[in-house]
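Down below is the structure, laid out as structure tokens.
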Amino acid sequence: MADFEMIPVLDWSLITSGERDAFLSQLRHAFITVGFCYLKDPPIEKSTRDRLIAYAPKLFELDEVRKDALGMVNTPHFLGYTHWAVQPEYTRGQIDMREQFDFGTDYENPWREGDPDYMKLWGNAQWPPEELLSGFKATLITYLEQLGKFGFKFMELLAEAFGLPINAFDKFYESPKETQQHRCKIIKYPVQEDSRANQGVGPHFDSGFLTLLLQASSQPGLQVQSPSGKWIDALPIPDTLVVNLGKGIETVTGGSQGRHAIECSRPI
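For the sequence shown, my numbering gives the first residue as 23, with consecutive numbering after it.
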């Protein structure tokens, strides 16, 4: 894997303007050399993205009683609210300083007596009351449905970029595309003055196939590690998604995934 100094930016308009081959070439290069890219002007309605970004701070402004009522500890589906000070997560022995909500599209839990426990992972999300955040659920569901459709399209393009049939990855999905649950995290990283406690999330690889990240503010923090060990800033760029591949896709393709981290001590 070659070293790199910056995260490549791919323009979705190459697909819509008939320059598919150029996009596929750039896509292949990005994920062989980096494992990350920005995607400019993704096919997710800008109005939906903007509404979701506007809701994010309001979500974290809910009082602690309301947040705790949505606690992830209340459900076996790993959907709900967590806070680093109450339910800490650790990476490489250091606490990850983050507050987060995990949501998903509506999904009836398929687990039945005798089924393996992992089937309990799927199920309905916990949502804040409509009277507190009017329109939030509808906005996020719309975003996730659009993002899900795009994600499947992106996987087809990725397969094509690697010279595979466009449905090459379908056999690895847990269920047919039309019945899958789409999930997301909405995360807040508190700025830490103490540089010894500035780990938003420690160095790690994502476990799945594909992560699509909407950076909701101009706050820096996301970093990607190059093969030489250097940390490269993935600064927020307006009207982009950050795309990275996880261990799952690396396993089935023999390709590259991006090791990354979040630092939460730097000012804007």
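All C-beta atoms in this analysis are idealised placements derived from N, C-alpha and C, irrespective of residue type, glycine included.
query	result
Have a look at Asp85 and Leu154 and give me their C-alpha separation to the nearest angstrom.	11 angstroms
At what residue ranges does the region 162 to 219 contain a whole run of the beta strand (DSSP E), taking only runs of 3 or more?	205 to 210
In whole angstroms, what is the alpha-carbon distance linking Cys62 and Pro260?	A quick correction: the sequence has Lys, not Cys, at residue 62. C-alpha separation (whole angstroms): 8 angstroms.
Arg88 to Ser47, Cα distance in whole Å?	48 angstroms
Just curious, the alpha helix (DSSP H) that Gly270 is in, first and last residue?	Lys269 to Thr275
Are the beta-carbon atoms belonging to Ile254 and Val265 less than 8 angstroms from one another?	no
So for Leu263, helix, strand or coil by DSSP?	strand
Ordered along the chain, which non-local residues of its own chain (more than five positions away) have a Cβ less than 8 angstroms from that of Gly102?	Leu92, Gly93, Met94, Val95, Asn96, Phe123, Asp124, Ala147 and Gln148
State yes or no: is the C-beta of Gly145 nearer than 7 angstroms to some heavy atom of the ligand ATP?	With respect to small molecules bound, the structure shown includes none, and the ligand ATP cannot be examined in it.
What does the alpha-carbon distance come out to for the pair Leu31 and Asp137?	The question names Leu, yet the displayed sequence has Val at residue 31. Roughly 44 angstroms separates the two Cα atoms.
Would you report the Cα separation of Ser248 and Glu121, rounded to the nearest angstrom?	27 angstroms
Under a three-way DSSP split, which group does Gln122 fall into?	strand
Straight-line CA distance for Arg288 to Gly222?	Confidence at Arg288 is low in this model, with a pLDDT of 45, below 50, so the placement of that residue is unreliable and no value is reported for it.
Apart from the five residues just before and just after Phe172, which ones in its own chain have a Cβ nearer than 8 angstroms to its Cβ?	Pro64, Pro65, Ile66 and Leu234
Sort Tyr77, Ala107, Ala78 and Pro79 by Cα distance to Asp90 and report the nearest one.	Ala107
Terminal residues of the continuous beta strand (DSSP E) containing Thr104?	Gly102 to His105
Could you check whether the region 183 to 199 touches the region 156 to 164, counting it as contact only if at least three pairs of C-beta atoms, one from each stretch, sit closer than 8 angstroms?	no
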